[in-house]
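In the numbering used here, the protein residues as written are 6 to 306.
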């Protein structure tokens with residue numbers, strides 16, 4: 006993480022991009038699990054924003070089989086993009102709390118207003134590279150990275166300015182283990198570097214992260230955004246998420262990834278998404294989210 010005067014924590018209580026409800030309560034769960042105390046203990050000044058910037062979306066019924074709740078996702082994305090852009094323009098470090106992963110449509114669009122060579126480190130069990138033409142579910146949280154790369158519905162692709170926001174050579178995927186056929190084709194055709202769980206198993210997390218960070222460091226980025234989906238972690242450690250997939254990152258692999266990201270000193274923004282406290286009683290997933298943010302900010306275990 007580059008040195009910033011302030012960490013601006015932006016909650017995005019939204020879950021209409023997912024297949025079930027509950028992730029809208031993720032930001033509150035992460036805060037209640039001790040995020041403010043963690044930031045204080047690490048010596049970071051911070052601002053915790055309210056969710057008052059979010060529009061009233063309840064009566065927006067625009068939807069389709071290929072893009073469920075697209076009207077609500079679009080309104081959310083516009084508001085999140087504006088809020089994220091304002092935080093970045095003020096010189097603060099944007100730390101965005103989801104919410105489902107469709108919120109990244111807005112965060113990436115907002116960051117790209119100032120950063121024409123934005124790099125992204127996408128740590129996720131999924132690649133989120135579907136489009137309305139390839140999606141098997143119609144859920145927009147599976148199309149967020151595609152939108153940033155200029156693929157998908159024009160209303161999302163061109164959000165707040167010219168598209169694409171991201172370039173394949175500045176996009177790195179880590180932890181993928183459930184990819185749809187259309188996503189595999191996109192990764193291959195665009196030449197996106199994708200480190201699957203197979204790569205992590207064979208090479209180890211340290212080597213994978215070092216190569217991933219070297220790619221972004223050498224790609225001429227004017228900022229690097231971390232988009233961390235908690236379902237990248239094995240559901241044995243993070244059960245409170247909408248789309249769990251067995252065989253994910255271990256507790257230590259996830260922390261090591263965050264520690265190495267911090268040590269690389271290239272991060273300019275981050276988001277952590279898909280915590281759904283309704284799917285567990287213990288609160289361990291939200292607690293893990295707080296711990297991982299701590300490692301990203303320099304805490305050592």
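Glycine is no exception: its CB is placed at the ideal position from the N, C-alpha and C atoms.
Just curious, the alpha helix (DSSP H) that residue 198 is in, first and last residue? Within the chain shown, the letter at position 193 stands for residue 198. No alpha helix (DSSP H) contains residue 198, which is instead part of the beta strand (DSSP E) from 198 to 201.
At a threshold of 7 angstroms, does residue 197 count as lining the ligand NAD (C-beta to nearest heavy atom)? Annotation note on the ligand NAD: not contained in the displayed structure, which lists no ligands.
With distances taken between CB atoms, is the gap from residue 150 to residue 227 smaller than 8 angstroms? Locating residue 150 in the chain shown gives position 145, counting from the first residue. Locating residue 227 in the chain shown gives position 222, counting from the first residue. Result no, Cβ atoms of residue 150 and residue 227 do not sit closer than 8 angstroms.
Does the CB of residue 70 have a neighbour CB from chain C at under 8 angstroms? No chain C appears in this structure, which consists of one protein chain only.
Neighbourhood of residue 81 by C-beta, 6 angstroms cutoff - its chain only, sequence neighbours within 5 removed: In the chain shown, counting from the first residue as 1, residue 81 sits at position 76. These residues qualify, in order along the chain: 19.
Unbroken beta strand (DSSP E) run spanning residue 142, endpoints: As a position in the chain shown, residue 142 is number 137, starting the count at 1. Taken as a continuous stretch (DSSP letters only), residue 142 belongs to no beta strand (DSSP E), as it is neither H nor E.
Taking one C-beta from the segment 193 to 201 and one from the segment 94 to 102 each time, how about it: are there three or more such pairs within less than 8 angstroms? no
Please specify which runs of the alpha helix (DSSP H), each continuous and at least 4 residues long, are wholly inside the segment 106 to 171, giving them in chain order. 109 to 116, 149 to 153 and 159 to 162
Which same chain residues end up closer than 6 angstroms to residue 303 when comparing Cβ atoms and leaving out the 5 residues on each side of it in sequence? In the chain shown, the residue the question calls residue 303 occupies position 298. These residues qualify, in order along the chain: 267.
Given residue 132, which residues of its chain have a CB within under 6 angstroms of its CB, disregarding the five upstream and five downstream residues? As a first step, residue 132 is located in the chain shown; it is residue number 127 there, counting from the start. Excluding sequence neighbours, residue 132 sits near 178, 181, 184 and 188.
Within its chain, find whatever has a CB closer than 7 angstroms to the CB of residue 23; leave out the 5 residues flanking it on each side and keep chain order. Reading the chain shown from its first residue, position 18 is the one you call residue 23. Only 105, 144, 146 and 247 meet the Cβ criterion.
For the structure I just gave you, are there three or more beta carbon pairs, one from the segment 43 to 54 and one from the segment 250 to 258, closer than 8 angstroms? no
Could you give the C-beta distance for residue 125 and residue 232, rounded to a whole number, given that I count them as a contact under 8 angstroms? Counting from one through the chain shown, the residue named residue 125 turns up at place 120. Counting from one through the chain shown, the residue named residue 232 turns up at place 227. With 8 angstroms as the limit, residue 125 and residue 232 qualify as a contact, their Cβ atoms being about 6 angstroms apart.
Indicate whether residue 4 and residue 173 have their beta-carbon atoms separated by less than 8 angstroms. The requested residue 4 does not occur in the structure, where the chain is confined to residues 6 to 306.
Residue ranges of each beta strand (DSSP E) run of no fewer than 3 residues wholly in the segment 221 to 268, ordered along the chain? 228 to 234
Option nearest residue 235 by Cα separation, candidates 67, 279 and 73: Along the chain shown, read from residue 1 onward, the residue named residue 235 stands at position 230. Closest by alpha carbon: 279.
Buried or exposed: where does residue 77 fall if 16 or more other Cβ atoms within 10 Å of its Cβ makes it buried? Translated into positions along the chain shown, residue 77 becomes position 72. Result: buried.
Between residue 230 and residue 275, how many whole angstroms is the CB-CB distance? I'm expecting something under 8 angstroms. Counted from its first residue, the chain shown places residue 230 at position 225. Counted from its first residue, the chain shown places residue 275 at position 270. Indeed they touch by this definition, with Cβ atoms about 7 angstroms apart.
Give the range of the beta strand (DSSP E) segment to which residue 274 is assigned. Counted from its first residue, the chain shown places residue 274 at position 269. That run of the beta strand (DSSP E) goes 274 to 278.
For a test of the three-state rule: what should DSSP assign to residue 9, helix, strand or coil? For the purposes of this step, residue 9 is taken as residue 4 along the chain shown, with counting starting at 1. A caution first: residue 9 carries a pLDDT of 49, below 50, which makes its placement in the model unreliable, though a value can still be read off. Residue state, collapsed to three classes: coil.
Sorted by chain position, which residues of the same chain lie with C-beta nearer than 6 angstroms to residue 240's C-beta, five sequence neighbours on each side aside? For the purposes of this step, residue 240 is identified with residue 235 of the chain shown, where counting begins at 1. So the qualifying residues of the chain are 249.
Expressed to the nearest angstrom, what Euclidean distance is found between the alpha-carbon atoms of residue 269 and residue 36? Within the chain shown, the letter at position 264 stands for residue 269. Within the chain shown, the letter at position 31 stands for residue 36. Cα-Cα distance, rounded: 26 angstroms.
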